[in-house]
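Numbering (my numbering), first residue to last: -18 to 283.
Here's the structure, in structure tokens; my notes come after.
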DNA sequence: GAAGCGTGGGT
DNA sequence: TACCCAAGCTT
């Protein structure tokens, strides 16, 4: 196991990306913002938004002082705007409950809105050097191949994966810290989901998946539908709301929302009309607190 | 535990 | 083109 530690750590030290939230001296807040943005979103799309965000709101209290609408607009087209909502809520909580300081323990972080098991472990590890057990989609995939001999991990995280991550983690604070980021980076750059670069992998000779002859996945991932879904309509509505300071009349959504045609609905075999779906999608946004209804229209929450 | 939640680039 | 997938979280 120690040989594997050394190989992967050495690979990381020579191949890591120069990401701004990894640079020396970055704050816990900077790491936290990056982790929220990186939830289900690729690095290349996060980079410019993170730069602007940190320039405008260098500390939690700066964001907490702003209305939610500003966070949602700055979030732009990153996707999953509820992440911006939760990041804003977390900033308020940090300001009021933690004197503006991002908590450093995994347990405290875990209680913040939008912070799950992964994000809590990641912030504690990357920002504060805690030897937490970090398990993200990259690490799960590396583990599945390197130790499990499988093409892909199970669709959802299992307790056994956390147990194994804990077992293979090297002793020592700094050692665990380096190991976590190294395995994650290996999964992101070499041990990728599609067309992994096994020929340039530092642990090719140790890989159980290679030894087994690279068997195919034991299941077929089910893709997420998009065209004609509520999510598409919600996204279109949010895009309009971000563009307008004043309340937007509901009729605007019915005329300007060119996400799909009635013909597409017929093709999809939907019994529901586009109008009905838009009403429902808007109701969902209102319920989620991502939009607010006023007498003269709908706007982003303040 | 499954479902719902945005977006855009790569293959 | 259509589908896959990207440092997940919440209900």
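By construction, the Cβ of each residue, glycine as well, lies at the ideal position given by its N, Cα and C atoms.
In this text the structure is predicted, and so the values were computed from the model without any measurement.
If I'm right that residue i touches residue j with Cβ under 8 Å, what's the distance once you round it to whole angstroms?
i	j	result
residue 228	residue 277	5 Å
residue 189	residue 129	6 Å
residue 108	residue 12	4 Å
residue 134	residue 122	6 Å
residue 16	residue 104	6 Å
Under the rule that 16 or more other beta-carbon atoms within 10 Å means buried, what is residue i, buried or exposed?
i	result
residue -6	exposed
residue 256	exposed
residue 86	exposed
residue 69	buried
residue 253	exposed
residue -16	exposed
residue -18	exposed
residue 193	exposed
residue 196	exposed
residue -3	exposed
residue 177	buried
residue 80	exposed
residue 243	In this predicted model, residue 243 has a pLDDT of only 48, less than 50, meaning its place in the structure is not dependable enough to derive any value.
In three-state DSSP terms, what is residue i?
i	result
residue 96	coil
residue 192	helix
residue 229	strand
residue 135	coil
residue 47	coil
residue 105	helix
residue 24	helix
residue 273	strand
residue 37	helix
residue 128	coil
residue 243	Reliability fails at residue 243, whose pLDDT of 48 lies under 50, so the model's placement of it is uncertain and the value that follows must be treated cautiously. DSSP places residue 243 in helix when its eight states are reduced to three.
residue 248	Its pLDDT being 48, under 50, residue 248 is placed unreliably by the model, and the measurement read from it follows with that caveat. Note: residue 248 maps to helix in three-state DSSP.
residue 210	coil
residue 173	coil
residue 19	coil
residue 85	coil
residue 123	helix
residue 201	coil
residue 54	helix
What residue range is occupied by the uninterrupted beta strand (DSSP E) comprising residue i?
i	result
residue 278	278 to 280
In whole angstroms, give me the CA-to-CA distance for residue i and residue j.
i	j	result
residue 45	residue 170	35 Å
residue 25	residue 18	11 Å
residue 212	residue 266	10 Å
residue 206	residue 136	17 Å
residue 241	residue 208	Any reading at residue 241 is ruled out, since the residue's pLDDT is 46, under 50, leaving its predicted position unreliable.
residue 21	residue 66	16 Å
residue 98	residue 143	10 Å
residue 248	residue 166	Because residue 248 sits at a pLDDT of 48, beneath the cut-off of 50, its placement in the model cannot be relied upon, and the following sentence gives the value as read from the coordinates. Taking the straight line joining both Cα atoms gives about 43 Å.
residue 234	residue 275	15 Å
residue 181	residue 159	20 Å
residue 179	residue 60	31 Å
residue -12	residue 151	13 Å
residue 156	residue 2	20 Å
Given 6 Å as the limit, tell me if residue i has its C-beta closer than that to any heavy atom belonging to the ligand ZN.
i	result
residue 126	This structure simply doesn't include the ligand ZN, nor any ligand for that matter.
Would you kindly report the start and end of the unbroken alpha helix (DSSP H) that includes residue i?
i	result
residue 74	63 to 78
residue -12	-17 to -4
residue 163	154 to 170
residue 185	Counting along the chain, residue 185 falls outside any alpha helix (DSSP H), and DSSP gives it neither H nor E.
residue 255	255 to 268
residue 149	140 to 149
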